[in-house]
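Enquirer:
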Amino acid sequence: MTEMGNRHAAGVPFLLASRTRRGYSPTIMLIEIYVDLICPWCLIGKRRLDRALAERPRMPVDLRWAAFQLNPDMPKGGMDRARYMAMKFGGADRAAQVYQMIERAARRDGLEVRFDRLRRTPNTADAHRMVRLADGYGLSTAMVDALFQAYFFEELDIGDREVLSALAARLGIDREEAARYLASDKDVIAVRNSDIQARQLGIQAVPYYIFNRRYGVAGAQEVETFLPLLDIAAEVPTVSA
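The sequence shown lines up with residues 6 to 246 when you count with the numbering used here.
1) Would you grab the beta carbon distance between Ala195 and Arg137 for me? Rounded to a whole angstrom, and I think it's under 8 Å.
2) For Met34, which three-state DSSP category applies?
3) Jot down the residue ranges of each uninterrupted alpha helix (DSSP H) in the region 135-165, minimum 4 residues, whole runs only, in chain order.
4) Give me the Cα-Cα distance between Ser189 and Ile33, rounded to the nearest whole angstrom.
5) Which residue marks the beginning of the beta strand (DSSP E) containing Leu68, and which one marks its end?
6) If we call anything under 9 Å between Cβ atoms a contact, is Ala72 one with Asp41?
7) Give the single residue among Ala184, Arg69, Ala171 whose Cα lies nearest to the Cα of Ile38.
8) Among Gln202, Ala139, Asp200, Ser199, which residue has its Cα nearest to the Cα of Leu172?
9) For Arg185, count neighbouring C-beta atoms within 10 Å of its own C-beta (all shown protein chains included) and say buried if the count is 16 or more, exposed if not.
10) Can you name the residues that DSSP bridges to Asp85?
11) I think Ile43 touches Thr129, with their Cβ atoms under 8 Å apart; what is that distance to the nearest whole Å?
12) Please return the same chain residues whose Cβ sits closer than 8 Å to the Cβ of Pro212, not counting the five positions on each side in sequence.
13) Using beta-carbon positions only, say whether Leu123 and Arg86 come within less than 9 Å of one another.
14) So if DSSP puts Tyr247 in a beta bridge, which residue, or which two residues, is it bridged to?
15) According to DSSP, is Ala223 helix, strand or coil?
16) Which class does Ile237 belong to by DSSP, given the choice of helix, strand or coil?
17) For Val118, does the three-state DSSP call read helix, strand or coil?
18) Counting along the chain, where does the alpha helix (DSSP H) carrying Ile194 start and finish?
19) Are Leu250 and Leu169 touching if we call contact CB-CB under 9 Å?
20) Where do the N-terminal and C-terminal ends of the alpha helix (DSSP H) with Ile215 fall, by residue?
21) Looking only at DSSP bridge pairs, what is Tyr1 linked to?
22) Can you name the residues that DSSP bridges to Val40?
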C-alpha cells in the first residue's frame, strides 16, 4: 500500500474529473479501479474486492472503473490467441505454464476459468467504452461483471461490437442505442487518454486500486489485505477533484 504523493493526488482527480459527481459525500468510500477487461488478475481482484466489501456491509462504496489497456497497440480486430500467446511469452509452452498458475489462483477464489478455450485476444477499447456508456445508467459495475463473464466464461469476443451490443441489452440498455454509440467516436479519446494518463501516473499493471484518492495498491490483493486498507482509507476524507 502506498499513500498517493502530490503527483498522484493531483493527477488522479484530473484523470477522472469528467466522471466526478458534484456534491460528492466524503462519507462514501470512493474506490477507483484501473482494469483491462481481458486481464485475468483483474477478474480475480474483482472477486476478492467483492468479498472484502462483504466483510464491511455498512460501508457505502462508490466504485468507478478506469480504462487501462494491456495491449494498446492491439489491431482493432484483435488477434488469434495462440499467436498472441507465442508473441507475449515466447512460445506456447511458457504461455501454458503461466496460465495454469493463473487458473489455480482463480480456482481458489471459486472461478473456473479455462484459458485453453479462448480463441481470440481482442482489442478492448470498445469494451471500455461500453463501461462508460453503462455508467450513464448507473450500471458500470454490472457491465464490468458482464464483460468478465462473457470473455472468461462464455469465450465471447468482447472486441466484437455485436457481442457488446448484446451485452448492453442484457443489462436493459437499448441494443440499438449501444450499436449507434459503438459506431460513433464517442468516448474513444477518453478511453485512450485514460490509458495514457494512467501510465503517466506510474501505473504499469492492473488491477490498480485508489481508495478515497489517497491510498493506492496494485495487484489482485488477498481479502485480508483489502480489509485494513478499507478501514484506514475510511478514516480520511476524499481528496477533492
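Backbone N, C-alpha and C fix where the C-beta goes; we use that ideal spot for every residue, glycine too.
Expert: Walking through what the data contain:
1) 7 Å
2) strand
3) 145-153
4) 34 Å
5) 66-72
6) yes
7) Arg69
8) Ala139
9) exposed
10) Arg125
11) 6 Å
12) Ile38, Tyr39, Val40, Cys44, Trp46, Cys47, Gly50, Lys51, Ala223, Gly224, Ala225
13) yes
14) Missing from the structure shown is residue 247; the chain here goes from 6 to 246 and no further.
15) strand
16) helix
17) coil
18) 193-205
19) Not covered by the structure: residue 250. The range shown for the chain is 6 to 246.
20) Segment 213-216 is the beta strand (DSSP E) holding Ile215; no alpha helix (DSSP H) there.
21) The shown model of the chain, from 6 to 246, leaves out residue 1, and the question about it has no answer.
22) Ala72
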